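Counting from 47, one number per residue, gives the positions in the sequence shown under this note's numbering. Idealized CB from N, CA, C, for every residue including glycine. Since this is a predicted model, take the numbers as computed values, not measurements. This report refers to the structure that appears directly beneath it.
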Amino acid sequence: MGAVLLKLKQASALLGMSPKELQNFVQFGVVKPKRRAGLFVFDRNALFEALVAQYLKKNLQTSTSRLSELVKAFASRAESF
47 MGAVLLKLKQ ASALLGMSPK ELQNFVQFGV VKPKRRAGLF VFDRNALFEA
97 LVAQYLKKNL QTSTSRLSEL VKAFASRAES F
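Spelled out as structure tokens, the structure:
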């Protein structure tokens with residue numbers, strides 16, 4: 047079975063967040079999805095990063111720069127989970 051790639055609106059619906067919030071995560075470098083044909087596409091890892099970012103933002107109310115650092119550190123260790 048191949049990898050599932052979702053567009054921004056599809057990914058935001060799956061995560062239960064607004065497309066604007068997910069777009070802000072991408073714009074500020076919190077989540078780094080792949081680009082295909084000029085569109086951002088979210089694979090499983092990018093969805094996981096967005097989910098973690100959403101949780102941290104909601105519960106810790108961290109700044110975007112700190113959120114970016116936390117998600118990057120968490121994503122680097124995701125393979126070991």
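| Check | Outcome |
| --- | --- |
| Using only CA atoms, which one of L93, A92, V76, R90 lies nearest to L116? | V76 |
| Pull up the CB-CB distance for F120 and V98, whole angstroms please, since I reckon it's below 8 Å. | 6 Å |
| With K104 and L113 assumed to form a contact (beta carbons below 8 Å), what rounded beta-carbon distance in angstroms separates them? | The pair is not a contact, with the Cβ atoms about 11 Å apart (cut-off 8 Å). |
| If you count every other CB in all the chains shown that lies within 10 Å of the CB of S109, and 16 or more means buried, which is it? | exposed |
| Do V72 and F86 have their C-beta atoms within less than 7 Å of each other? | yes |
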